[in-house]
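A quick write-up on the structure given underneath.
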Amino acid sequence: MINKIENLLEEISSYKVNSLQELESFRLKFLSKKGHITELFEEFRGISADLKREVGQKLNELKQKAQDRYNSLKLELETRDDSAGENDLTRPAFPYPSGSRHPISLVRREIIDIFSRIGFTVSEGPEIEDDNHVFTKLNFAPEHPARDMQDTFYIFRNSAEDSDPDDILLRTHTSSVQVRVMENQKPPIRTISPGRVFRNEAISARAHCIFHQIEGLYIDENVSFADLKQTLLFFARELYGKETQIRLRPSYFPFTEPSAEMDVSCAICGGKGCNVCKYTGWLEVLGCGMVHPNVLEACGIDSKKYTGFAFGMGIERAAMLKYQVNDLRLYFENDLRFLDQFKTAF
Ligand SMILES: [Zn+2]
5 MINKIENLLE EISSYKVNSL QELESFRLKF LSKKGHITEL FEEFRGISAD
55 LKREVGQKLN ELKQKAQDRY NSLKLELETR DDSAGENDLT RPAFPYPSGS
105 RHPISLVRRE IIDIFSRIGF TVSEGPEIED DNHVFTKLNF APEHPARDMQ
155 DTFYIFRNSA EDSDPDDILL RTHTSSVQVR VMENQKPPIR TISPGRVFRN
205 EAISARAHCI FHQIEGLYID ENVSFADLKQ TLLFFARELY GKETQIRLRP
255 SYFPFTEPSA EMDVSCAICG GKGCNVCKYT GWLEVLGCGM VHPNVLEACG
305 IDSKKYTGFA FGMGIERAAM LKYQVNDLRL YFENDLRFLD QFKTAF
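Right, here's the structure in full:
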């Protein structure tokens, strides 16, 4: 009987199947109620008591092996790749919904791309800043209203009444990055700093407490207002179209002198007047000016030797003009019905 078991073990371990039918034959031959193993168990009842222990052990081993072999043959059949050479090339692809870039990211990237073509690098800095980098070194007087709690989100304030260079706050503009660049680099400096900024404003179609800015800075010997104007004209025509006109109106910022606001001609009505340009033919897009000597000196740059210009714009404002979306809140709500519309832009 031991011999019979040994022979079956050998047969089982070398058994091969190529189809489910052959697998079923294996089951019938060894594992079914009429199979060899059941037969042997019948035979086992009649053997002498002194052999029972040894034969019983072998028999159980055989039964286990047969079951294991059956399982592994079955798995082999199931996982075998039957489709080799028979792939259906006309089968539709698995549906894969593609995402889209956010309109703010699209415009941000386009602006960076325009300035990088004329040699501007990209600088980034912390969103949580100190008063020194956001206000003091940018020539904001201690009593300047922008430092007020009504405009600025303070995280830590040394005094409830007076501002202090060590106050910690959320940056209200990305000019703080320019301060950090001026502190750490020697002119010539030619850089833009895109990023999120924070102001304590009630959320409406025209205002939000978070928005995005891109500010530019160029410092070298003999940089003039004419250089600023040419740079901005190039930028406006790249972003808003070849026919775009610009105009500069005198303005005031603490960190530039002289300062100006730049308008571009309204591309929607071609300057004739429409509700987007409020019937003026012009759209206000950015602020700019020559870097104030006090700012250069505060950042360790010799204002006798170097001059520079700076400009800054809101990315949302540029996106609103580009895509004709006039409610700022849409850019922050992440409504897929809105975002899906930018799928073709990249
Ligand atoms: Zn217009």
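For the numbering used here, count along the sequence shown from 1 and bump the result up by 4.
Glycine included, every Cβ here is placed at the ideal spot set by N, Cα and C.
These numbers were taken from a predicted model, which means no experiment stands behind them.
**OP:** Examine ligand 1 and report whether any of its heavy atoms sits within less than 7 Å of the Cβ of V280.
**Re:** Distances from the CB of V280 to the heavy atoms of ligand 1 include at least one below 7 Å.
Original post:
Residues bridged to V59 by DSSP?
Top reply: In the DSSP output, where bridge partners are listed per residue, V59 has none listed.
Original post:
Under 8 Å, do I223 and V126 count as touching if we go by C-beta distance?
Top reply: Taking 8 Å as the cut-off, the Cβ atoms of I223 and V126 do not count as close.
Original post:
So what does DSSP say about A264, is it helix, strand or coil?
Top reply: For A264, the three-state secondary structure derived from DSSP is strand.
**OP:** Compute every distance between the C-beta of I250 and the non-hydrogen atoms of ligand 1, then say whether any falls below 7 Å.
**Re:** The nearest non-hydrogen atom of ligand 1 is 7 Å or more from the C-beta of I250.
**OP:** Run the proximity test for I272: is its beta-carbon closer than 7 Å to any non-hydrogen atom belonging to ligand 1?
**Re:** At least one heavy atom of ligand 1 is nearer than 7 Å to the Cβ of I272, so yes.
Original post:
For the alpha helix (DSSP H) that F229 lies in, which residues bound it at each end?
Top reply: Here the alpha helix (DSSP H) through F229 covers F229 to Y244.
**OP:** On a CA-only basis, which of G316, C278, L243 and P254 is nearest I115? Give me that one, please.
**Re:** Selected option, being the one with the closest Cα: L243.
Original post:
Going by the beta-carbon positions, is the gap between N279 and N143 smaller than 8 Å?
Top reply: Result no, Cβ atoms of N279 and N143 do not sit closer than 8 Å.
**OP:** State buried or exposed for I51, treating a residue as buried only when at least 16 other CB atoms are found within 10 Å of its CB.
**Re:** It is exposed - the Cβ of I51 has fewer than 16 other Cβ atoms within 10 Å.
Subject >> Inter-residue spacing [alpha-carbon to alpha-carbon] between E28 and S17 >> reply: It is roughly 16 Å from the alpha-carbon of E28 to the alpha-carbon of S17.
**OP:** Measure the beta-carbon distance from H177 to L343 and round it to whole angstroms, keeping in mind my assumption that it falls under 8 Å.
**Re:** About 27 Å separates the two Cβ atoms, so there is no contact after all.
Subject >> Whole runs of the alpha helix (DSSP H) within the region 81-158, excluding any shorter than 4 residues >> reply: Runs found: 107-120 and 135-138.
Original post:
Around the C-beta of D267, are 16 or more other C-beta atoms found within 10 angstroms, so that it is buried, or is it exposed?
Top reply: Per the 10 Å Cβ criterion, buried.
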